[in-house]
Amino acid sequence: MPIDKVITLLRPFEEVTKELSAADVSVSLLIPLIATLERILNDFDSTDELIGDTTAVLKQELFNKFSFLENEVLFITATFIDPRYKVKFFKKTLTKERVICHILELLEDSQTGAPSSSRSPNSKRARLDKIDDSGEKKPLSFKDTMTSLMDTSGSDIEDEDDIPLIAYQNLIHFLIRKSI
(Lines of atoms letter the chains of each structure in order from A and count residues from 1; the text may use other names and numbers.)
(Lines give C-alpha, C1' and ligand atoms only; values in the text may rest on other atoms or scores of the structure.)
Protein backbone atom coordinates (compact mmCIF):
# COMPACT_ATOMS: atom_id res chain seq x y z
CA MET A 1 0.00 0.00 0.00
CA PRO A 2 1.53 3.34 -1.07
CA ILE A 3 0.35 5.37 1.93
CA ASP A 4 2.24 3.06 4.30
CA LYS A 5 5.44 3.67 2.33
CA VAL A 6 4.94 7.44 2.49
CA ILE A 7 4.36 7.24 6.25
CA THR A 8 7.52 5.15 6.63
CA LEU A 9 9.44 7.66 4.51
CA LEU A 10 8.21 10.70 6.45
CA ARG A 11 8.53 9.23 9.97
CA PRO A 12 12.24 10.20 10.29
CA PHE A 13 11.37 13.77 9.31
CA GLU A 14 8.85 13.88 12.13
CA GLU A 15 11.47 12.60 14.58
CA VAL A 16 14.01 15.20 13.44
CA THR A 17 11.40 17.96 13.69
CA LYS A 18 10.58 16.96 17.27
CA GLU A 19 14.28 16.71 18.15
CA LEU A 20 15.04 20.18 16.77
CA SER A 21 11.97 21.66 18.45
CA ALA A 22 13.09 20.61 21.92
CA ALA A 23 13.88 23.30 24.46
CA ASP A 24 17.40 22.08 25.11
CA VAL A 25 18.60 21.32 21.56
CA SER A 26 22.19 22.15 20.66
CA VAL A 27 23.36 23.61 17.35
CA SER A 28 25.88 20.76 17.22
CA LEU A 29 23.00 18.38 16.51
CA LEU A 30 21.93 19.93 13.20
CA ILE A 31 24.62 18.51 10.89
CA PRO A 32 24.29 14.96 12.31
CA LEU A 33 20.50 15.03 12.00
CA ILE A 34 20.57 16.23 8.39
CA ALA A 35 23.27 13.69 7.49
CA THR A 36 21.13 10.95 9.03
CA LEU A 37 18.08 12.04 7.03
CA GLU A 38 20.17 12.02 3.86
CA ARG A 39 21.39 8.49 4.63
CA ILE A 40 17.82 7.30 5.24
CA LEU A 41 16.71 8.77 1.92
CA ASN A 42 19.65 7.18 0.10
CA ASP A 43 18.91 3.79 1.66
CA PHE A 44 15.19 3.99 0.91
CA ASP A 45 13.98 1.90 -2.03
CA SER A 46 13.74 4.53 -4.76
CA THR A 47 13.03 1.93 -7.46
CA ASP A 48 9.38 1.96 -6.43
CA GLU A 49 7.54 4.18 -8.93
CA LEU A 50 5.16 5.65 -6.38
CA ILE A 51 7.74 6.54 -3.74
CA GLY A 52 10.78 7.17 -5.98
CA ASP A 53 9.68 10.67 -7.03
CA THR A 54 8.88 11.65 -3.45
CA THR A 55 12.30 10.45 -2.31
CA ALA A 56 14.01 12.42 -5.08
CA VAL A 57 12.12 15.60 -4.18
CA LEU A 58 12.95 15.19 -0.48
CA LYS A 59 16.65 14.69 -1.28
CA GLN A 60 16.70 17.78 -3.46
CA GLU A 61 14.92 19.91 -0.86
CA LEU A 62 17.28 18.75 1.90
CA PHE A 63 20.19 19.75 -0.31
CA ASN A 64 18.64 23.13 -1.17
CA LYS A 65 17.87 24.01 2.43
CA PHE A 66 20.84 22.56 4.30
CA SER A 67 23.82 22.25 1.95
CA PHE A 68 25.25 25.48 3.40
CA LEU A 69 25.79 23.94 6.85
CA GLU A 70 29.28 22.60 6.16
CA ASN A 71 30.32 26.06 4.97
CA GLU A 72 29.25 27.78 8.18
CA VAL A 73 31.94 27.93 10.86
CA LEU A 74 29.43 28.04 13.72
CA PHE A 75 27.77 24.77 12.76
CA ILE A 76 30.94 22.84 11.94
CA THR A 77 32.72 24.07 15.07
CA ALA A 78 29.80 23.15 17.31
CA THR A 79 29.55 19.70 15.73
CA PHE A 80 33.31 19.15 15.90
CA ILE A 81 33.69 20.02 19.58
CA ASP A 82 30.73 17.88 20.60
CA PRO A 83 32.41 14.62 21.67
CA ARG A 84 29.48 12.58 20.39
CA TYR A 85 29.98 13.65 16.78
CA LYS A 86 33.49 15.07 16.11
CA VAL A 87 34.02 14.61 12.35
CA LYS A 88 31.74 11.62 11.77
CA PHE A 89 29.08 13.55 9.87
CA PHE A 90 31.22 15.84 7.71
CA LYS A 91 30.93 14.98 4.03
CA LYS A 92 34.08 16.78 2.92
CA THR A 93 37.64 16.38 4.19
CA LEU A 94 38.06 20.12 3.67
CA THR A 95 35.45 20.74 6.38
CA LYS A 96 37.56 18.88 8.94
CA GLU A 97 40.64 20.89 7.97
CA ARG A 98 38.71 24.18 8.12
CA VAL A 99 37.32 23.53 11.59
CA ILE A 100 40.72 22.54 12.98
CA CYS A 101 42.29 25.69 11.52
CA HIS A 102 39.44 27.79 12.91
CA ILE A 103 39.81 26.38 16.42
CA LEU A 104 43.57 26.88 16.31
CA GLU A 105 42.99 30.51 15.24
CA LEU A 106 40.59 31.00 18.14
CA LEU A 107 43.13 29.55 20.56
CA GLU A 108 45.89 31.71 19.12
CA ASP A 109 43.68 34.82 19.30
CA SER A 110 42.85 34.08 22.92
CA GLN A 111 46.56 33.80 23.75
CA THR A 112 47.63 36.94 21.88
CA GLY A 113 44.70 38.96 23.14
CA ALA A 114 43.55 39.75 19.61
CA PRO A 115 39.78 39.68 19.25
CA SER A 116 38.51 36.92 16.96
CA SER A 117 35.59 39.08 15.90
CA SER A 118 35.01 42.72 15.13
CA ARG A 119 33.44 43.30 18.55
CA SER A 120 35.83 44.41 21.22
CA PRO A 121 35.72 41.97 24.17
CA ASN A 122 36.40 44.73 26.70
CA SER A 123 33.71 47.12 25.51
CA LYS A 124 30.88 45.24 27.24
CA ARG A 125 32.84 44.71 30.42
CA ALA A 126 33.52 48.44 30.68
CA ARG A 127 29.78 49.11 30.74
CA LEU A 128 29.18 46.44 33.37
CA ASP A 129 31.76 47.74 35.82
CA LYS A 130 30.47 49.69 38.78
CA ILE A 131 32.42 52.52 40.39
CA ASP A 132 32.24 52.49 44.19
CA ASP A 133 32.69 55.43 46.60
CA SER A 134 36.48 55.22 46.50
CA GLY A 135 36.48 55.55 42.69
CA GLU A 136 37.48 51.92 42.16
CA LYS A 137 35.73 49.76 39.55
CA LYS A 138 34.05 46.62 40.83
CA PRO A 139 32.53 43.90 38.63
CA LEU A 140 28.77 43.47 38.96
CA SER A 141 28.38 39.82 38.09
CA PHE A 142 29.95 36.49 38.96
CA LYS A 143 30.93 35.94 35.33
CA ASP A 144 32.73 39.30 35.13
CA THR A 145 34.51 38.63 38.42
CA MET A 146 35.68 35.25 37.20
CA THR A 147 36.82 36.75 33.88
CA SER A 148 38.75 39.38 35.78
CA LEU A 149 40.44 36.72 37.91
CA MET A 150 41.30 34.67 34.85
CA ASP A 151 42.81 37.71 33.12
CA THR A 152 45.15 38.35 36.05
CA SER A 153 46.16 34.72 36.55
CA GLY A 154 49.59 33.69 35.32
CA SER A 155 50.07 31.05 32.68
CA ASP A 156 51.02 27.53 33.74
CA ILE A 157 52.91 27.11 30.49
CA GLU A 158 56.53 28.27 30.65
CA ASP A 159 57.01 29.18 26.99
CA GLU A 160 53.96 30.84 25.44
CA ASP A 161 55.41 30.32 21.95
CA ASP A 162 54.54 26.63 22.37
CA ILE A 163 50.82 27.34 22.88
CA PRO A 164 49.79 26.82 19.21
CA LEU A 165 51.72 23.53 19.17
CA ILE A 166 50.12 22.40 22.43
CA ALA A 167 46.69 23.44 21.15
CA TYR A 168 47.25 21.47 17.95
CA GLN A 169 48.41 18.43 19.92
CA ASN A 170 45.31 18.67 22.10
CA LEU A 171 43.10 18.76 18.99
CA ILE A 172 44.83 15.70 17.57
CA HIS A 173 44.38 13.90 20.90
CA PHE A 174 40.70 14.89 20.87
CA LEU A 175 40.28 13.46 17.37
CA ILE A 176 41.85 10.11 18.10
CA ARG A 177 39.89 9.54 21.29
CA LYS A 178 36.85 7.36 20.94
CA SER A 179 33.56 9.24 20.63
CA ILE A 180 30.99 9.04 23.38
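Numbering (our numbering), first residue to last: 9 to 188. C-beta atoms are modelled at their ideal positions from N, C-alpha and C, and glycine is treated no differently.
Buried or exposed: residue i, going by 16 or more other Cβ atoms within 10 Å of its Cβ?
| i | result |
| --- | --- |
| Phe76 | exposed |
| Lys94 | buried |
| Thr55 | exposed |
| Ala43 | buried |
| Glu78 | buried |
| Thr120 | exposed |
| Thr63 | buried |
Relative to the C-alpha of residue i, which candidate in the options has its C-alpha closest?
| i | options | result |
| --- | --- | --- |
| His110 | Phe83, Gly60 and Arg47 | Phe83 |
| Phe182 | Val33, Thr103, Asp90 and Lys99 | Asp90 |
| Glu46 | Arg92, Ile180 and Leu66 | Leu66 |
| Pro40 | Ala31, Phe52, Phe74 and Ile11 | Phe74 |
| Thr85 | Ile108, Ser29 and Leu49 | Ile108 |
| Glu105 | Leu28, Ile11 and Ile180 | Ile180 |
| Val81 | Ile48, Ser118 and Ser36 | Ser36 |
| Leu112 | Ser29, Gln68, Gln177 and Glu23 | Gln177 |
| Lys51 | Thr25, Pro20 and Thr101 | Here residue 51 turns out to be Asp, not Lys, going by the sequence shown. Nearest C-alpha to Asp51: Pro20. |
| Arg185 | Leu114, Lys96, Leu115 and Lys100 | Lys96 |
| Asp53 | Glu22, Val24 and Pro10 | Pro10 |
Spatial neighbours of residue i within its chain, please: C-beta separation below 6 Å, excluding the five flanking residues on both sides.
| i | result |
| --- | --- |
| Thr87 | Ser36, Ile39 and Tyr93 |
For residue i, which residues in the same chain have their Cβ closer than 8 Å to its Cβ, ignoring the five residues on either side in sequence?
| i | result |
| --- | --- |
| Leu70 | Ile42, Leu45, Glu46 and Leu49 |
| Val33 | Glu27 |
| Asp12 | none |
If you drop the 5 nearest sequence neighbours on each side, which residues of the same chain put their C-beta closer than 7 Å to that of residue i?
| i | result |
| --- | --- |
| Thr103 | Glu78 and Ile84 |
| Val24 | Leu41 and Leu45 |
- Query: Would you call the segment 52 to 61 and the segment 10 to 22 in contact, with 3 or more CB pairs under 8 Å?
  - Reply: yes
- Query: Can you list the alpha helix (DSSP H) stretches of 4 or more residues lying completely in the segment 35 to 68, in chain order?
  - Reply: 38 to 51
- Message: Suppose only complete runs of 4+ residues qualify. What are the alpha helix (DSSP H) ranges in the segment 76 to 108, listed by chain order?
- Response: 81 to 89
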